[in-house]
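One structure below.
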Amino acid sequence: MRVPFSPRLVRATYDRRAPIYDAVVQALALGRDRSYRRRALAALAARPGDRVLDAGCGTGRNFPLLAVAGVTAFEGCDLSARSLAKAALRGARVAQADAEQLPYRDASFDRVLSTYVLTSVANWRRALEELVRVLKPGGRLVVSDDRLPPGWFLGPCPMLGMLRREGWVDMHRDVKAEMEKRLRGVELRFLHLRMIYVISGEKAA
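Okay, so the sequence shown: first residue is 90 according to the working numbering, each after it adds one.
Right, dumping it as structure tokens:
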């Protein structure tokens, strides 16, 4: 069966939209995108000295907020080379990588952040496993995404393909349940009229 969210499609879509991505997400969030990202970073509770991974970092919109929090050892990865070119200008080390196959050793990071990624990958459970794998024991993971039909940002064809296969899946319940299997102290918060969720938890030491 053809996967509607192939890495090739995701990479091409975000490469094409990289020049306007920042403006688009700001408009879609009614000017409050930075506010929502601050809420995710508050849940991350990163401290100076922590090594932080922003998985699916896109153009690096989280990087300035991490710097404000005093975190200097942060880096990001993303499929889109054009997005990464913009992210690198925001002061972080970046790598081109698929969220389902992160190029990092086990337990490499004190904090892992993933914003608006799980609804745009072929296998979000595998991506979540990877996020947990690279997290150190005692570290925190924060996942934030929206409750729109998975794949909507990639375009109507991928979104409709997923809707035909699985219906409108409100993923946040499944994401929370999977995180509860792997992390402790899992918390769910809603933002933007409950259309955006932030789920956080800590890996057992």
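We put the CB at the ideal spot given by N, CA and C, even for glycine. It should be emphasised that the depicted structure is a prediction, and the values quoted were computed from it without experimental measurement.
Would you mind stating whether residue i and residue j have Cβ atoms separated by less than 7 Å?
{"i": "K175", "j": "T148", "result": "yes"}
{"i": "A186", "j": "V210", "result": "no"}
{"i": "L277", "j": "K265", "result": "yes"}
{"i": "G227", "j": "A134", "result": "no"}
{"i": "L173", "j": "L154", "result": "no"}
{"i": "L168", "j": "V113", "result": "no"}
{"i": "L224", "j": "V201", "result": "yes"}
{"i": "A118", "j": "S203", "result": "no"}
{"i": "D199", "j": "R236", "result": "no"}
{"i": "V275", "j": "E269", "result": "yes"}
Would you decide whether residue i is buried or exposed? Buried here means 16 or more other CB atoms lie within 10 Å of its CB.
{"i": "G240", "result": "buried"}
{"i": "I288", "result": "buried"}
{"i": "E219", "result": "buried"}
{"i": "F163", "result": "buried"}
{"i": "V221", "result": "buried"}
{"i": "P108", "result": "exposed"}
{"i": "F152", "result": "buried"}
{"i": "G290", "result": "buried"}
{"i": "F94", "result": "buried"}
{"i": "V157", "result": "exposed"}
{"i": "L282", "result": "exposed"}
{"i": "G132", "result": "Contrary to the premise, residue 132 reads as Ala rather than Gly in this sequence. Result: buried."}
{"i": "M284", "result": "exposed"}
{"i": "A181", "result": "buried"}
Is it the case that the CB of residue i approaches a heavy atom of the ligand GTP more closely than 6 Å?
{"i": "R136", "result": "The model on display carries no ligand, and the ligand GTP is accordingly not part of it."}
Throw me the rounded Cβ distance for the residue i and residue j pair, which I believe falls under 8 Å.
{"i": "G165", "j": "V183", "result": "5 Å"}
{"i": "R104", "j": "R171", "result": "According to the sequence as given, residue 104 is Asp; it is not Arg. Rounded, the Cβ-Cβ distance is 4 Å, consistent with contact."}
{"i": "Y286", "j": "S233", "result": "7 Å"}
{"i": "L272", "j": "L230", "result": "6 Å"}
{"i": "R150", "j": "D111", "result": "7 Å"}
{"i": "L280", "j": "R128", "result": "6 Å"}
Give me the residue from the options with the minimum Cα distance to residue i.
{"i": "R106", "options": "R271, R283, G244 and R273", "result": "G244"}
{"i": "T161", "options": "N151, G138 and V232", "result": "G138"}
{"i": "D263", "options": "Y125, R214, T102 and L142", "result": "R214"}
{"i": "D195", "options": "R123, P238, L142 and T102", "result": "L142"}
{"i": "C146", "options": "A177, R140, S124 and Q190", "result": "A177"}
{"i": "R140", "options": "A101, S197, R123 and L191", "result": "S197"}
Checklist line | Continuous beta strand (DSSP E) assignments of at least 3 residues falling wholly in the segment 186-228 | finding: 198-204
Check: Where are the alpha helix (DSSP H) runs, 4 residues long or more, that stay fully inside the segment 154-191, in chain order?
Finding: 170-177
Item checked: Within the segment 101-160, ranges of the beta strand (DSSP E) (whole runs, at least 3 residues) -> 140-144
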